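Colleague:
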Amino acid sequence: MGLAWMPAMGIAIYTLRRGIFGFTDLMRKSLGMILVFYLTRSWLSEPNVILILPLALILTASGELNSLAFNAIWILPLVITIFNVSPPQLLALNFPQAMERMLNLLEEMRTLRLVARIALVIPWHLAGWWIVATCFKSAPSQVDGARGDLLTSQA
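Written out as structure tokens, the structure reads:
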């Protein structure tokens, strides 16, 4: 399953055959391509999601992406991060005793954390694939506008 991203990226690239109609369409399809890669990789660190936040924020501000989708992009990985061991590790240099106590507590709740992470991956994938579908569908105004420009230039 570690190589599932290769055919997924091939399919995503194939969907670009219709072309790109303007800057916002380029940003939508770029966000979709990155999400296809992230959703099909066997390993994704939560900090990698930070790389797509500017694209999603610009698309949300321009009305191209639903604000609920934008919230899902940053809230779900943040919650997954909380259930990982990484937050206590950030305290290692400043508060080594606190980090040690938190790691012991997290070890006691290992099963709960594992179940919570698995339960959070499902909404992450559902939201991610919904955003991918939203990003790859062409807005009617863009397609009609491009066809209209083509028709007027031929006349």
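Going by this note's numbering, the first residue of the sequence shown is number 4, and it counts up by one from there. Even for Gly, the Cβ is constructed at its ideal location relative to N, Cα and C. Since the model is a prediction, treat every value here as computed from it, not as a measurement.
(1) By the 10 Å Cβ neighbour count, where 16 or more other Cβ atoms means buried, how is residue 114 classified, buried or exposed?
(2) My output table needs one value for residue 146: the three-state DSSP class, helix, strand or coil.
(3) Comparing the CB of residue 8 with every heavy atom of the ligand SAH, is any distance shorter than 7 Å?
(4) In the DSSP assignment, find the unbroken alpha helix (DSSP H) run with residue 35 in it and report its ends.
(5) Rounded to the nearest angstrom, what separates residue 104 and residue 50 at their Cα positions?
(6) By Cβ distance below 7 Å, which residues in the same chain neighbour residue 11 in space, the five residues on each side in sequence not counted?
(7) In the DSSP assignment, find the alpha helix (DSSP H) that holds residue 123 and state where it starts and stops.
Modeller: Taking the coordinates as given:
(1) By the neighbour-count rule (16 or more Cβ atoms within 10 Å), residue 114 is not buried but exposed.
(2) Confidence is the limiting factor: at residue 146 the pLDDT is only 45, short of 50, which leaves the residue's position unreliable, though a coordinate-based value still follows. The three-state reading of DSSP puts residue 146 in helix, counting H, G and I together.
(3) The model depicted lacks the ligand SAH and carries no ligand whatsoever.
(4) Note, residue 35: alpha helix (DSSP H), 26-43.
(5) Between the C-alpha atoms of residue 104 and residue 50 there is a straight-line separation of about 25 Å.
(6) If you ignore the 5 residues before and after residue 11, its C-beta comes within less than 7 Å of the C-beta of 39 and 43, all in its own chain and listed in chain order.
(7) In the DSSP annotation of this structure, the continuous segment of the alpha helix (DSSP H) that includes residue 123 starts and ends at 113-139.
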